[in-house]
Amino acid sequence: MENKTLISIIIPAYNEEETLQASVQKIGETLASLQDRYSFELIFVNDGSSDTTLGLLRQLHQEHPDWVYYLSFSRNFGHMSALRCGYDHARGQAVICMDADLQHPPAYIPVFLEKWAEGYEIVFTSRQDDQKTGWFKRLSSKYFYGLMNRFSDVHIEPGAADFRLLDRKVVDLIQQSNETDLFIRGFIPWVGFRQFIIPYTPDKRFAGQSKYTLRKMLRLALNGITAFSVRPLRIATFLGACISGLAFFYAIYAVYAHFVLKETVQGWTSVLLSVLIMGGLQLLTLGIIGEYLGRLFIQAKGRPPYIVQESTLPPSK
Ligand code: UDP
Ligand code: MG
């Protein structure tokens, strides 16, 4: 044990009863070949699963008490909160996070460590989609990153996945951040440091269904955009300025038409159109402002991003 570098691996799990055992076994096989230089802790974060995930984790911890641990939330807080919790509790010199469903091939772990040893503080992967990835996932991912990069001030590598290695320095920054809704995928390009990208092709989900519902994806997208940029607010201001400019000229024309041309009874269509357009735009901009106000509201309440109900924290090494 002594003098080996401790590496943490964190794995969020939400209703993953079908994949956990295989995950631990596959990851264990990969780690076995690295035992001479590194020691490992595998920390599962049970994100309020409603199936037997927690029971299985207890059992896995009993089977491998010296390297498999878990934390369990009081309810479902979402993937991002589970990751955050993992980073908060990991003790390794480097922290790797991956999914429970074996879509992130454990074979990349040695590659991560190699790059880390070369001095990269951040080694992350970008998903190369192929036919194995469903068309919806491919399309939504493409538009998500397109939108993200257009509307926010950080550049996120298209396909950037939550399958990465972070050096202790970066993990400490995540721990110290007091953002309630920290968008880790955006935070990572924002912090800088030496970053290395590894393209990878995800494997098929080992078992079970994707736990990312459309609602969760949309929430993630909105969160990502509003967390890193005020550009949507600027767009609202810009639109407002353009429309006001046009309205000003139209107002001059209306006065002119009334007093000089004296032809002002018709015009139902133009009135209706302008009411509709203005109404729509006002609602849109109100919505954008509301989105930011909501973020402030959540942040001001200062609630914790997750609540741990049960844990077998790894002993300090
Ligand atoms: N996950 C989570 N909380 C959630 C949804 C998902 O912890 O509310 C976990 C899930 O168990 C998995 C990872 O996040 O380990 C990625 O989820 P999934 O494989 O369902 O997403 P996909 O690969 O389809 O994007
Ligand atoms: Mg998956």
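The numbering of the sequence shown is the numbering used here, which starts it at 4 and goes up by one. Note that CB positions come from ideal geometry on N, CA and C, so glycine has one too.
#1: Just confirm the distance between the C-beta atoms of Ile292 and Leu236, as a whole number of angstroms; I'd bet it's less than 8 Å.
#2: Can Ala103 and Ile14 be called in contact, C-beta distance under 8 Å?
#3: Could you give the uninterrupted runs of the beta strand (DSSP E) lying entirely in the stretch 92-137, keeping only those of 3 residues or more?
#4: Where Ile238 and Asp184 are concerned, what is the direct C-alpha to C-alpha distance, given to the nearest angstrom?
#5: I'd like the list of long-range same chain contacts for Gly227, defined as Cβ closer than 6 Å, with 5 residues on each side in sequence excluded.
#6: Over the uninterrupted beta strand (DSSP E) stretch that includes Ser42, give me the two end residues.
#7: What are the uninterrupted segments assigned as beta strand (DSSP E) that are 3 or more residues long and contained completely in the stretch 265-297, given in chain order?
#8: Between which residues of its own chain and Val126 is the CB-CB distance below 7 Å, once the five residues before and five after are set aside?
#9: Identify whether Asp206 lies in helix, strand or coil by the three-state DSSP scheme.
#10: Shorter than 7 Å, the distance from the beta carbon of Ala85 to the closest heavy atom of the ligand UDP, or not?
#11: Three-state secondary structure (DSSP) at Leu249?
#12: Helix, strand or coil for Arg167? Go by DSSP, reduced to three states.
#13: Which whole-angstrom value describes the C-beta separation of Gln106 and Asp206, a residue pair presumed to lie in contact below a C-beta threshold of 8 Å?
#14: Taking the continuous beta strand (DSSP E) assigned at Val311, which residues delimit it?
#15: Among His67, Leu57, Gly51 and Ala16, which residue has its Cα nearest to the Cα of Gln28?
#16: Could you tell me the distance, in whole angstroms, from the CA atom of Leu23 to the CA atom of Pro109?
#17: Could you tell me which of Leu59, Gly89 and Tyr253 sits nearest to Ile177, measuring between CA atoms?
#18: Quick one: grab the DSSP three-state call for Tyr1.
The structure says:
#1: 7 Å
#2: yes
#3: 97-100 and 125-130
#4: 23 Å
#5: Met151, Phe186 and Gly189
#6: Tyr41 to Asn49
#7: none
#8: Phe115, Lys118, Trp119, Arg167, Leu168, Phe199 and Ile201
#9: coil
#10: yes
#11: helix
#12: strand
#13: 5 Å
#14: Val311 to Thr315
#15: His67
#16: 14 Å
#17: Gly89
#18: Nothing about residue 1 can be reported from this structure: the residues present for the chain run from 4 to 320 only.
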